[in-house]
Amino acid sequence: MRECRVAHVAEAALAEQQFVTPIDVLVGLGWLDEAKADLWRAGFVSSLDRCLRAKPIEVAEAVKALGTWALDRDLKPWVTDYGNLAFTADRDPPTERGSRIRWSTTEIPGPKALPPRSKPPRVLAVERDADCLKCGAVHDLLLRDKAGGICVDCAGLGHLVFLPSGDAALTRYTTKAAPVSAVVMLPNMQRMRHERQGILADQRTIELAAAQVLADPPRPPGRGTVDQDLRRRIAEVISSEFPGCPVARADAIAFHAAVRGGGRRARGGAERPESVRRAVANSVRRVDTDYDDLSLTGLDWAEAQRRTQAQVDDVLEMWRSGITPLDAQLPR
1 MRECRVAHVA EAALAEQQFV TPIDVLVGLG WLDEAKADLW RAGFVSSLDR
51 CLRAKPIEVA EAVKALGTWA LDRDLKPWVT DYGNLAFTAD RDPPTERGSR
101 IRWSTTEIPG PKALPPRSKP PRVLAVERDA DCLKCGAVHD LLLRDKAGGI
151 CVDCAGLGHL VFLPSGDAAL TRYTTKAAPV SAVVMLPNMQ RMRHERQGIL
201 ADQRTIELAA AQVLADPPRP PGRGTVDQDL RRRIAEVISS EFPGCPVARA
251 DAIAFHAAVR GGGRRARGGA ERPESVRRAV ANSVRRVDTD YDDLSLTGLD
301 WAEAQRRTQA QVDDVLEMWR SGITPLDAQL PR
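Per UniProt numbering, the sequence shown starts with residue 1, numbered consecutively.
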């Protein structure tokens, strides 16, 4: 049955572009989103298997079925140059070789390489929720497209979190270290321009950047720096609620929470126990579980939360009990 599906997908790809790749088959089978494949091609995802909604054995069988179909059609195998991109986390040689084969009658044409992104993509924060051009759902963050707006989930950025422009050093370190980030802009209709609100980046990188800022010499308070009193108060609440949470981790979580809750509208709420608990739980979910990987596969966020909830609860319970795992440290 799967061989028939592979053949159907391959026939369509061959008719459209005169060649077929394993990636074409994975997308056609519904195991890979094209937006996630583009992120991988641009170097924003460490290995393509992180984005797949299929088991390795299923992928291997599909690639084998593609080869059988291609040989029956008298197509020739050609090696596609993907540079240093990895298809699997362990860079398994047979899998890497097989995944780089495209099938066609002639060597040309072949897949076009995506140009490297010189700047992070820009995301538009809309005051009134708007429809996504691809999925049709309503969102408040959209990537601008020639034909309209695309939500961050459809653009392959749904696993990222918002870091407001509250601390210049934290933003700078995060942007420099993040494998993928996006700039969030808000239209100012009175001034007829877009104003920067912050960036989107992964939680792990934000916390590592926060630790780096805290290790730097103290900075004078003022515009472009986090509210240090608020940061310390949040850290104290974390230590009180979760005595097992490593100090460096608590400080990093508190830093991010203070930046997010330091605005005029949010002031006063960031240090409330329920807000702190949410910040800690969100950090654990995104750093200590495979939640981001599940999001990269295109899994609905609610289902990704459900699958990782037990892991989150286990870590939080240890920290509440004052238990610090021997290998606990800042995320690498």
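For glycine and all other residues, C-beta sits at the position ideal for the given N, C-alpha and C.
As the structure is a computational prediction, the values presented were derived from the model and not from experiment.
In this chain, the alpha helix (DSSP H) harbouring Glu241 covers 228-241. Within the same chain, Asp140, Leu141, Val184, Met185, Leu186, Gln197 come within 7 Å of Ala125 by CB-CB distance, once the 5 residues on both sides are set aside.
Distance from Ala250 to Ala211 at the Cβ level is roughly 11 Å; contact not present, criterion being Cβ atoms closer than 8 Å. Counting only residues of its own chain and dropping the five nearest sequence neighbours on each side, Phe44 has a CB closer than 7 Å to the CB of Pro179, Val180. Fully enclosed alpha helix (DSSP H) runs of no fewer than 4 residues occupy 168-177 of the stretch 142-179, in order along the chain. The beta carbon of Ile323 lies closer than 7 Å to those of Gly244 in the same chain, with the five residues before and after it left out. Contact annotation: Val287 and Ile238 have beta-carbon atoms that are not nearer than 8 Å. Counting along the chain, the unbroken beta strand (DSSP E) around Lys76 starts and ends at 76-79.
Leu214 is not bridged by DSSP to any residue. Under DSSP, Trp103 forms a beta bridge with Val20, Pro77. The beta-carbon separation of Val6 and Val25, rounded to 6 Å, stays under the 8 Å limit for a contact. A distance below 7 Å between beta-carbons, with the five flanking residues on each side excluded, links Gly269 to the following residues of its chain, in chain order: Gly261, Ser275.
Between Leu296 and Cys135, the gap from beta carbon to beta carbon reaches 8 Å or more. Contiguous alpha helix (DSSP H) elements confined to the stretch 44-76 occur at 56-72, taking only those with 4 or more residues.
In the same chain as Thr80, and ignoring 5 residues on each side of it, the C-beta atoms closer than 8 Å to its own belong to Thr21, Arg100, Ile101, Arg102, Gly110, Pro111, in chain order. Closest by C-alpha distance to Leu157, out of Pro77, Lys76, Pro121, Thr174, is Pro121. When Cβ pairs closer than 8 Å are counted between the two stretches, the stretch 191-209 is seen to touch the stretch 165-179, the count reaching three or more. Shown here, Met318 sits in a helix according to DSSP, grouped into three states.
Put simply, the backbone Cα of Lys76 is about 15 Å away from that of Ala65.
Remark: C-beta atoms of Asp167 and Thr225 approach each other more closely than 8 Å. If you draw a straight line from the Cα of Asp229 to the Cα of Ala235, it comes to about 10 Å. Here His8 is exposed. Its C-beta has fewer than 16 other C-beta atoms within 10 Å. Only buried fits Arg231, as 16 or more other CB atoms lie within 10 angstroms of its CB.
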